[in-house]
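Peer 1:
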Amino acid sequence: MRRSLSSGALRTGFALVLAIGLIAGVLPSTTQAADTTKQLQRLRGDVGYATQKDGSDYKQVFGKFELPDPDYAVTHAKSAAQIAMPDSSLIELGENTSIQVGAFDNTTASPGSTITVNDGSRLRFEIKRPEGGAANYRFVTATSQVAVRGTVGLLAFVNGVTTVGCVVCAADSVVVQVGSQTFALVTGQFLTVSALGAVTTGALGAVTGAFAGAGVSVTPSVGGAVAGAGAGAAAGAVVPIAAGAAAAAAVGIAVTSNSSPTPQPTQTIPISSPTPNGTPTGSVNLTGSARRPVPAATARSPVAAPIPAPNPPGAPGTSAAPGRFVR
95 MRRSLSSGAL RTGFALVLAI GLIAGVLPST TQAADTTKQL QRLRGDVGYA
145 TQKDGSDYKQ VFGKFELPDP DYAVTHAKSA AQIAMPDSSL IELGENTSIQ
195 VGAFDNTTAS PGSTITVNDG SRLRFEIKRP EGGAANYRFV TATSQVAVRG
245 TVGLLAFVNG VTTVGCVVCA ADSVVVQVGS QTFALVTGQF LTVSALGAVT
295 TGALGAVTGA FAGAGVSVTP SVGGAVAGAG AGAAAGAVVP IAAGAAAAAA
345 VGIAVTSNSS PTPQPTQTIP ISSPTPNGTP TGSVNLTGSA RRPVPAATAR
395 SPVAAPIPAP NPPGAPGTSA APGRFVR
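With positions in the sequence shown counted from 1, the corresponding number in our numbering is that position plus 94.
(1) How would you label Gly-273, buried or exposed, when you count the other beta carbons within 10 angstroms and need 16 or more for buried?
(2) On a CA-only basis, which of Gly-196, Ala-292, Ala-289 and Val-242 is nearest Ala-278? Give me that one, please.
(3) Looking only at its own chain, which residues have a Cβ that is under 8 Å from the Cβ of Thr-350, when we skip the five neighbours before and after it?
(4) So for Gly-282, helix, strand or coil by DSSP?
(5) Taking just the CA atoms, how far does Thr-295 sit from Gln-133?
(6) Distance check for Gly-214 and Ala-300, CA to CA, integer angstroms please.
(7) Name the DSSP beta bridge partners of Glu-74, please?
(8) Could you please give me the residues that DSSP links to Arg-232 through a beta bridge?
(9) Using the C-alpha atoms, what's the distance from Cys-260 back to Ser-207?
(10) Going by CA-CA distance only, name the one from Pro-162, Ser-192, Gly-244 and Ile-221 that's closest to Asp-148.
(11) Thinking C-alpha only, which one of Thr-130, Pro-224 and Ile-177 is nearest Tyr-143?
(12) Using the three-state DSSP reduction, which class does Ala-264 fall into: helix, strand or coil?
(13) Could you check what DSSP says for Thr-145 in three-state terms: helix, strand or coil?
(14) On the three-state DSSP scale, how would you describe Gly-196?
(15) Let's see if you can read the secondary structure: which residues bound the alpha helix (DSSP H) around Gly-307?
(16) Is the beta carbon of Thr-237 closer than 8 Å to that of Thr-210?
(17) Do you know how far the Cα of Pro-314 is from the Cα of His-170?
(18) Please list the terminal residues of the continuous beta strand (DSSP E) segment that includes Lys-132.
(19) To which residues does DSSP link Tyr-166 through a beta bridge?
(20) Can you say whether Phe-251 is buried or exposed, counting buried as having 16 or more other CB atoms within 10 angstroms of its CB?
(21) With DSSP as the reference, label Leu-298 as helix, strand or coil.
(22) Here's the rule I'm using: 16 or more other beta-carbon atoms within 10 Å means buried, otherwise exposed. How should Gly-157 be labelled?
(23) Where Val-312 and Ala-306 are concerned, what is the direct C-alpha to C-alpha distance, given to the nearest angstrom?
(24) For the beta strand (DSSP E) that contains Glu-160, what are its first and last residues?
(25) Applying the criterion that 16 or more other CB atoms from any shown protein chain within 10 Å of the CB defines a buried residue, is Ala-197 buried or exposed?
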């Protein structure tokens, strides 16, 4: 009887230790996976993933899918998708887009990931800035690298041309590197880099139509990714900064040696209508004799001519009365 009780207690204790060991071994890996998981979600159309850059092994996704580090997120025509990052940052993919999202680094105070953008892609990024710090996302195309520290922006790489636009950006949130030059963007500005490295800039409204046509939202989300970020002037200049340095305080338009000059806005000067002369003021000197006005002629009523009285009989110049003889 004692042996039976002892063996039962032994089995129970062994099972309890085994269970605790299993739980202790599973919890850390589960927490780590949750901190680095990237979730691809289909919004509409034909969305999927591939392990090859050319998408030759494309597999369609109908709901949500945990995207492995080396894989590509892919959308086809008239399709859209969204990738939710572990820090709640969002990457919205327009149609005909293919990007590779690298491993998420959460071991530093500046979490982030490197995202490689393939030709033909258009996307919107909403990168969350951690409290008291900055994110460290990097978007890479064949012509440039875009460092993002917490902002809402647009990015396209189509026909070898990279376009970066700031929807809601603080002064230090978006820095574009082209060769040895870097450029800082603020809200309302865009920058394009040609296949030859030529850089042009302008107001964001000039490029939003192409993004909207690809199904990419061009407006800030509710609340915005950058709380309290100051809005820059839409027609303001892009700030060139030295490689690896912070944004300079001076404002100017920087263009590479291969770029065309940015067209300047035409200034319209309104022409005011002439003001009619008012009553003259001050003294007026008159020379010559003063002339009085001639009064108008007074109209006179016509007067009837008097009728002469008849002469008495016998007066000179009269004729004799009828029936009498005059001597």
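Each residue gets a CB set at the ideal place from its N, CA and C atoms; glycine is no exception.
Peer 2: On the basis of the coordinates in this document:
(1) Classification of Gly-273: exposed, given that the 10 Å Cβ count is below 16.
(2) Considering only alpha carbons, the answer is Val-242.
(3) Note that Thr-350 scores 28 on pLDDT, short of 50, meaning its location in the model is unreliable; the coordinates nonetheless yield the value given after this. Counting only Cβ-Cβ distances below 8 Å, and skipping sequence neighbours, we find Val-272, Gly-273, Gln-275, Gly-291, Ala-292 and Val-293.
(4) If DSSP states are grouped into helix, strand and coil, Gly-282 belongs with coil.
(5) Counting only the Cα atoms, Thr-295 lies some 34 Å from Gln-133.
(6) Roughly 19 Å between the two C-alpha positions.
(7) The requested residue 74 does not occur in the structure, where the chain is confined to residues 95 to 421.
(8) Arg-232 pairs with Thr-208 and Ala-241.
(9) If you draw a straight line from the Cα of Ser-207 to the Cα of Cys-260, it comes to about 19 Å.
(10) That would be Ser-192, whose Cα lies nearest to the Cα of Asp-148.
(11) Residue nearest to Tyr-143 within the set Thr-130, Pro-224 and Ile-177 is Ile-177 (criterion: CA-CA distance).
(12) DSSP places Ala-264 outside both helix and strand once states are collapsed to three, so it counts as coil.
(13) Thr-145 falls in the coil class under three-state DSSP.
(14) Judged by DSSP in its simplified three-state form, Gly-196 adopts coil rather than helix or strand.
(15) Per DSSP, the unbroken alpha helix (DSSP H) holding Gly-307 starts and ends at 302-307.
(16) No, the Cβ-Cβ distance between Thr-210 and Thr-237 is not below 8 Å.
(17) Cα to Cα, the separation comes out at about 25 Å.
(18) Lys-132 -> no beta strand (DSSP E), and no H or E assigned at all.
(19) Partner residues in the beta bridge of Tyr-166, as assigned by DSSP, are Ala-144 and Gln-194.
(20) Buried, since its Cβ has 16 or more Cβ neighbours within 10 Å.
(21) It is helical.
(22) Here Gly-157 is exposed. Its C-beta has fewer than 16 other C-beta atoms within 10 Å.
(23) CA-to-CA, the gap between Val-312 and Ala-306 works out to about 7 Å.
(24) Looking at the DSSP string, the run of the beta strand (DSSP E) that includes Glu-160 is 158-160.
(25) Ala-197 counts as exposed, since fewer than 16 other C-beta atoms from the protein chains shown sit within 10 angstroms of its C-beta.
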